[in-house]
Amino acid sequence: MPKEKGAARKISKGVEQRIQSRPKRTCTQKVDCVTDIESVLEAEMTSKKVISQWVPSQWKAQLENIQKMRSQRLAPVDTVGCSKLFDPGVDEKTKRYQILLSLMLSSQTKDEITAAAMTSLKKYGCSVNKILQTDESDLAELIYPVGFCKSKAKYIKKTTEILQSQYDGDIPKSMDELCQLPGVGPKMALLTMLTAWNQCEGIAVDTHVHRISNRLGWLPSPTKQPEQTRKGLENWLPKSYWPHINKLLVGFGQTICLPVNPHCSNCLNFSICPHAHALHQSKCKKET
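Reading the sequence shown from the start, the letters are residues 1 to 288 in full-length UniProt numbering.
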């Protein structure tokens, strides 16, 4: 037993000597550790920046082609879109009110039908005071056959009451306030800000913009909701394009890039469109 204890003491002394002979951690070594962490964080931030700066490779060429095609052919949005439906002879408040109403009517409704409904309203008297005096059922008849005419009549009545009581018969001048109005969502609010107040607060994404953006590969990954598409586009598309992109793509979607059976063979983007390529490949497989 005594021999074992002596051996243990020798081992302990040996361990102590080795520990003492090791270089002690210095302040410099600690700074190096911090530097390493900072390097990792910097790399992480750089990685995030790269992700946030994702840009579709051929968007400029695709957009230029769309502009060329749009310049050669008018679309319904150019002649009977919501920016064309107000009465030019009315005062500024009433003009803004009519723009808001035309956008509320346009949801899930073709431009031509929205235009017909606005024509009926203007003949009847499309002003805050006149609509306040109109029964909801009569209003629904006036705007028929727009989609969901009864619901829209209810929203228009409630919205008009709010405008009269809270905004002196005018419309709100902010996205948040517009979105609080019954029946008004982000897309309508963005278009209202742009058309009525000449302020671009973001990209308005409707069914056409949503469909075409996904078809052209303008998003890092496919999106299911228009709001996802809006955020995806705003992450990379230069702001100078924002005021014009909605009307440009809506008209393109109404004439060439249709929801069903798009006219890919007549499209200048045929060779640089992922969707057209996929359709062509599918067609070739069926033929073989």
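Here a beta-carbon is modelled for each residue, glycine too, at the ideal position from N, C-alpha and C.
1. Identify whether N235 lies in helix, strand or coil by the three-state DSSP scheme.
2. Verify whether the separation of the beta carbon atoms of L178 and M193 is less than 9 Å.
3. By DSSP, does N261 sit in helix, in strand, or in coil?
4. Grouping DSSP H, G and I as helix and E and B as strand, with all else coil, what is Q180?
5. What's the C-alpha gap between T207 and K84?
6. Go ahead and label L132 buried or exposed: buried means 16 or more other beta carbons lie within 10 angstroms of its beta carbon, across all protein chains shown.
7. Do G232 and P220 count as a contact pair if the criterion is CB distance below 9 Å?
8. Classify Q281: buried if its beta carbon has 16 or more other beta carbons within 10 angstroms, exposed otherwise.
9. Could you check where the alpha helix (DSSP H) with D170 kicks off and where it finishes?
10. Take S107 as the anchor and find which of R211, T119, F148, D135 has the nearest alpha-carbon.
11. Around the C-beta of K187, are 16 or more other C-beta atoms found within 10 angstroms, so that it is buried, or is it exposed?
12. Alpha carbons only, please: which of K239, S240, H275, W236 is nearest the one belonging to I212?
13. Leaving aside the five residues before and after W218 along the sequence, list all residues of the same chain whose C-beta is less than 7 Å from its C-beta, in chain order.
14. May I have the straight-line CA-CA distance separating S174 from S265, to the nearest angstrom?
15. Out of S127, N129, V128, S102, which has the shortest C-alpha to C-alpha gap to A116?
16. In this structure, how does DSSP classify V209 when only helix, strand and coil are distinguished?
17. Can you check which of these residues, I162, K95, G81, is closest to D87 by C-alpha distance?
18. Determine the direct distance from the alpha carbon of V77 to that of M118, and round the result to whole angstroms.
19. Do the region 243–263 and the region 67–82 meet, that is, are 3 or more Cβ pairs less than 8 Å apart?
20. I'd like the ranges of any alpha helix (DSSP H) spanning at least 4 consecutive residues and lying wholly in the region 98–125.
21. What is the DSSP secondary structure of Y155, reduced to helix, strand or coil?
22. Taking the beta carbon of N269 as the centre, do at least 16 other beta carbons fall within 10 Å, making it buried, or is it exposed?
23. Whole angstroms are fine: how far does the CA of E141 sit from the CA of E161?
24. At the level of alpha carbons, what is the spacing between N129 and E92?
25. Output yes or no for whether 9 Å exceeds the beta carbon distance between V209 and V260.
26. Alpha carbon to alpha carbon, how far is C267 from C82?
27. Please classify C126 as buried or exposed, where buried requires at least 16 neighbouring CB atoms within 10 angstroms.
28. Exposed or buried, which one is K152 when buried takes at least 16 other CB atoms within 10 Å?
29. Cα-Cα, which of L100, K154, Y241 is closest to W197?
Based on what the coordinates show:
1. coil
2. yes
3. coil
4. coil
5. 20 Å
6. exposed
7. yes
8. exposed
9. Careful: D170 lies outside any alpha helix (DSSP H) and carries neither H nor E.
10. F148
11. buried
12. H275
13. P56, W59, L233
14. 43 Å
15. S102
16. helix
17. K95
18. 14 Å
19. yes
20. 111–124
21. helix
22. buried
23. 19 Å
24. 15 Å
25. no
26. 26 Å
27. buried
28. buried
29. L100
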